[in-house]
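Under the UniProt record's numbering, the first residue of the sequence shown carries the number 1, and numbering increases by one thereafter.
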Amino acid sequence: MPTIAIVGAGPGMGLAIARTFGSRGFDVALIARTKDRLRTLADRLGREGITAEAFPADVLDRPALAAALDAAAERLGGIDVLEYSPAPHSPVPGLTTAVPTEVTADNLQPQIEYTVYGALAAAHAVLPAMRQAGAGTLLFTTGGGSVRPIPMLGNVNAAAAALRNWVINLHNELAGSGVYAAHVAIGTWIGEGGPEGIPAATPEQIAPLYWNLYERRDQPELVFNG
Ligand SMILES: NC(=O)c1ccc[n+]([C@@H]2O[C@H](COP(=O)([O-])OP(=O)(O)OC[C@H]3O[C@@H](n4cnc5c(N)ncnc54)[C@H](OP(=O)(O)O)[C@@H]3O)[C@@H](O)[C@H]2O)c1
1 MPTIAIVGAG
11 PGMGLAIART
21 FGSRGFDVAL
31 IARTKDRLRT
41 LADRLGREGI
51 TAEAFPADVL
61 DRPALAAALD
71 AAAERLGGID
81 VLEYSPAPHS
91 PVPGLTTAVP
101 TEVTADNLQP
111 QIEYTVYGAL
121 AAAHAVLPAM
131 RQAGAGTLLF
141 TTGGGSVRPI
151 PMLGNVNAAA
161 AALRNWVINL
171 HNELAGSGVY
181 AAHVAIGTWI
191 GEGGPEGIPA
201 ATPEQIAPLY
211 WNLYERRDQP
221 ELVFNG
């Protein structure tokens with residue numbers, strides 16, 4: 001069975017991506033900080049006939065993140081697809097938001113650690129085996145502000161834009177290697193209860209687009225605006 005590792009696996013996109021790949025024959029490695037919530041997700045997927053296991057780790061603890069991915073590869077027989085999409089639904093120490101005039105090294109650095117360095121650590125944990133196999137997929141998710149920034153997310157968007165730039169260039173470098181990398185920018189609110197006037201979409205509407213990217217393997221980026 002191929003395996004997808006979802007870094008930042010929660011009840012929104014994480015679960016929907018797990019279902020999308022799991023229902024198409026993938027085993028699923030779920031990575032996030034909270035062991036109990038991961039177990040609940042894994043049990044839920046299990047009841048749907050999907051093999052899913054929890055590998056708790058914090059993306060801010062890069063050695064722990066690499067160890068979790070190594071453990072997942074060992075347990076599930078390798079990682080064929082990496083998907084990176086942590087979202088701070090419960091507080092992440094050090095993460096704040098700032099408008100552009102208030103962005104400083106102090107409030108940008110944690111966003112870079114969370115969005116960019118975590119993604120780099122995850123990629124480096126799985127890339128050597130993928131390169132050796134000449135096969136594999138790396139998908140990285142940010143918000144639409146990585147492409148079209150909005151003032152209230154000055155530091156968040158700057159970090160996301162850095163990740164986006166790196167992923168698109170990774171896609172270019174890996175062309176012809178058999179390993180495919182792509183960035184997904186989600187420019188909508190996900191789920192219900194979003195601010196008025198902001199377009200929204202459900203995780204179930206968005207997740208199949210990840211499968212399309214995985215199958216087609218030609219686009220460096222998907223920008224989803226609903
Ligand atoms: N939600 C939106 O409206 C929205 C809009 C546009 C784009 N996006 C993007 O879409 C992606 C998925 O968002 P989602 O809301 O659907 O997420 P989700 O899959 O529902 O949950 C993401 C999970 O990330 C985990 N996480 C947070 N901090 C972490 C850390 N330091 N280390 C490891 N895991 C961590 C959280 O679990 P723990 O707390 O247990 O760690 C959370 O459950 C993200 O890239 C997000 O930026 C979201």
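Positions of the beta carbon are idealized from the N, C-alpha and C atoms, including for glycine.
Heavy atom of ligand 1 within 7 Å of residue i beta-carbon
{"i": "I190", "result": "yes"}
{"i": "L60", "result": "yes"}
{"i": "H89", "result": "yes"}
{"i": "M13", "result": "yes"}
{"i": "A9", "result": "yes"}
{"i": "V126", "result": "no"}
{"i": "P208", "result": "no"}
Pairwise C-alpha distance: residue j and residue i
{"i": "L38", "j": "W189", "result": "23 Å"}
{"i": "L15", "j": "E221", "result": "21 Å"}
{"i": "M130", "j": "E196", "result": "43 Å"}
{"i": "D27", "j": "G49", "result": "10 Å"}
{"i": "R217", "j": "Y180", "result": "6 Å"}
{"i": "R62", "j": "A32", "result": "13 Å"}
{"i": "L82", "j": "F21", "result": "11 Å"}
{"i": "R44", "j": "A133", "result": "32 Å"}
{"i": "P208", "j": "R24", "result": "11 Å"}
Sheet register partners of residue i (DSSP bridge)
{"i": "A71", "result": "None, per the DSSP bridge assignment."}
{"i": "I31", "result": "V7"}
{"i": "G143", "result": "I186"}
Closer than 7 Å: residue i CB and nearest ligand 2 heavy atom
{"i": "G143", "result": "No copy of ligand 2 occurs in the structure displayed; its ligands are ligand 1 alone."}
Point to revise | beta strand (DSSP E) runs contained entirely in the region 171-206, provided each spans 3 or more residues | key: The DSSP assignment places 179-186 as complete runs of the beta strand (DSSP E) inside the region 171-206, in order along the chain (cut-off: 3 residues).
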